[in-house]
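>
In our numbering, the protein residues as written are 6 to 337.
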């Protein structure tokens, strides 16, 4: 998941560790894909114009799904007995973290924009065009952050590694990644929430703004929940890399005990984001529930029609009659 590590441990195919990881990866793939697709469907089927929050939420769902697909796909490849190839190490492996980085930048941007809309309510809302350009800029920034890794990535037989000229260069890049992907986003978002909390406190007595306050609080809760999940689930990976580079021998031994599972926590982080957004905000929760209800009802109706069709077919075949079916039996 993080391009600062030289490799992941390759587990024997029949080992309990490999079996557990296979189940976890498969479950994460299904859960993350379902959650992301549900969020996208709820936004696409929304009536009326899309807001800036919808655009950023769409980007968050896409980046999270890409993170899961890329990372889980690579590990399925490794668990099947294959090893890292030369071109994989040179071109693909250094850029695996681009979707994760874009997801982190999106979470930070959503907090900043929400803070702006609450603290400066008289300012013009961000247009769809501006939001789309912003999102494009996030992906470009995520790619730029990982260009140094792309420049020094090498293949070492069974593993990939970053071939830095000096230890100082490697440590500088590790610190840079920690700052850009973890520390700065966390600090920025926390500062945003301090400002948002103080502003909402002042608006509590204004009855005429009750609906707006409720909407803002719902979105704030969602972003806050995402940030808490982000801080907890990405901390082992980011802090572990810092401890590995700058810690003593005892610290490095401690890192080895949990770093092998830090990647799983990163995947869980991407899986949880769409469900947090589907549960916390009231307006989005209604769309979320409505879309899921429509899908479930269609599945049930199709199953009932299929069962009814098969029952009629068997009954008519038993009576030596040929049943041609009716328009009611067409599965939509």
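Glycine is no exception: its CB is placed at the ideal position from the N, C-alpha and C atoms.
Between the C-alpha atoms of residue 189 and residue 278, what's the straight-line distance to the nearest angstrom?
20 Å
> Please report the residue range of the beta strand (DSSP E) in which residue 55 lies.
Looking at the DSSP string, residue 55 is not in any beta strand (DSSP E), and its letter there is neither H nor E.
> Taking the alpha-carbon of residue 48 as reference, which of 282, 172, 129 and 311 has the nearest alpha-carbon?
282
> With DSSP as the reference, label residue 167 as helix, strand or coil.
strand
> Tell me whether residue 173 sits in a helix, a strand or coil according to DSSP, three-state version.
helix
> Applying the 10 Å Cβ sphere with the 16-neighbour rule, what's the burial state of residue 181?
It counts as exposed.
> Just the C-alpha distance for residue 268 and residue 241, rounded to the nearest angstrom, thanks.
9 Å
> Based on the DSSP output, what are the partners of residue 159 in its beta bridges?
166
> For the segment 67 to 149, which segments carrying the alpha helix (DSSP H) assignment without a break, of at least 4 residues, lie completely within its bounds, in sequence order?
103 to 124
> Determine contact between the segment 192 to 202 and the segment 107 to 117, defined as no fewer than three beta-carbon pairs at a distance below 8 Å.
With a cut-off of 8 Å, the segment 107 to 117 and the segment 192 to 202 count as touching, because enough Cβ pairs lie within range.
> Going by DSSP in three states, residue 64 sits in which element: helix, strand or coil?
helix
> Count the other CB atoms, across all protein chains shown, that sit within 10 Å of the CB of residue 57; report buried if there are 16 or more and exposed otherwise.
buried
> Report yes if the CB atom of residue 41 is closer than 8 Å to the CB atom of residue 23, and no otherwise.
no
> Assess contact between the segment 95 to 108 and the segment 62 to 79, defined as three or more Cβ pairs (one per stretch) separated by less than 8 Å. Is contact present?
yes
> For residue 119, count neighbouring C-beta atoms within 10 Å of its own C-beta (all shown protein chains included) and say buried if the count is 16 or more, exposed if not.
By the 10 Å Cβ count, residue 119 comes out buried.
> Let me confirm a value: residue 228 is counted as buried when at least 16 other C-beta atoms fall within 10 Å, else exposed. Which label applies?
buried
> What three-state label does DSSP hand residue 151 in the structure shown?
coil
> Can you give the Cα-Cα distance for residue 132 and residue 231, rounded to whole angstroms?
24 Å
> Evaluate contact between the segment 140 to 154 and the segment 246 to 263, counting only Cβ atoms and requiring at least three cross-stretch pairs below 8 Å.
Too few Cβ pairs lie closer than 8 Å, so no.
> Roughly how many whole angstroms lie between the Cα atoms of residue 274 and residue 313?
43 Å
> When the Cβ atoms of the segment 295 to 311 are set against those of the segment 67 to 75, are three or more pairs found closer than 8 Å?
no
> Taking all protein chains shown into account, decide if residue 17 is buried (16 or more other Cβ within 10 angstroms of its Cβ) or exposed.
The pLDDT assigned to residue 17 is 47, lower than 50, so where the model puts this residue is not dependable; a value taken from the coordinates is nonetheless given after this. Flag for residue 17 reads exposed.
> Where does residue 253 sit, in a helix, a strand or coil, going by DSSP?
coil
> May I have the straight-line CA-CA distance separating residue 137 from residue 179, to the nearest angstrom?
Looking at the two C-alpha atoms, the distance is approximately 30 Å.
> Mark residue 37 as exposed unless 16 or more other C-beta atoms lie within 10 angstroms of its C-beta, in which case mark it buried.
buried
> From 143, 72 and 154, pick the residue whose C-alpha is nearest to that of residue 95; which is it?
Of the listed residues, the one whose Cα sits closest to residue 95 is 154.
> Please report how far the alpha carbon of residue 10 lies from the alpha carbon of residue 246, in whole angstroms.
Confidence is the limiting factor: at residue 10 the pLDDT is only 44, short of 50, which leaves the residue's position unreliable, though a coordinate-based value still follows. Going from the Cα of residue 10 to the Cα of residue 246 covers about 8 Å.
> Rounded to whole angstroms, how far is the Cβ of residue 5 from the Cβ of residue 72, which I believe are closer than 8 Å?
Residue numbering for the chain in the displayed model covers 6 to 337; residue 5 lies beyond these limits and cannot be assessed.
> From what residue to what residue does the alpha helix (DSSP H) around residue 30 run?
Residue 30: member of the alpha helix (DSSP H) spanning 21 to 49, first to last residue.
> Rounding to the nearest angstrom, what Cα-Cα distance links residue 177 and residue 203 in this structure?
37 Å
> Between the Cα of residue 26 and the Cα atoms of 294, 183 and 266, which residue gives the shortest distance?
266
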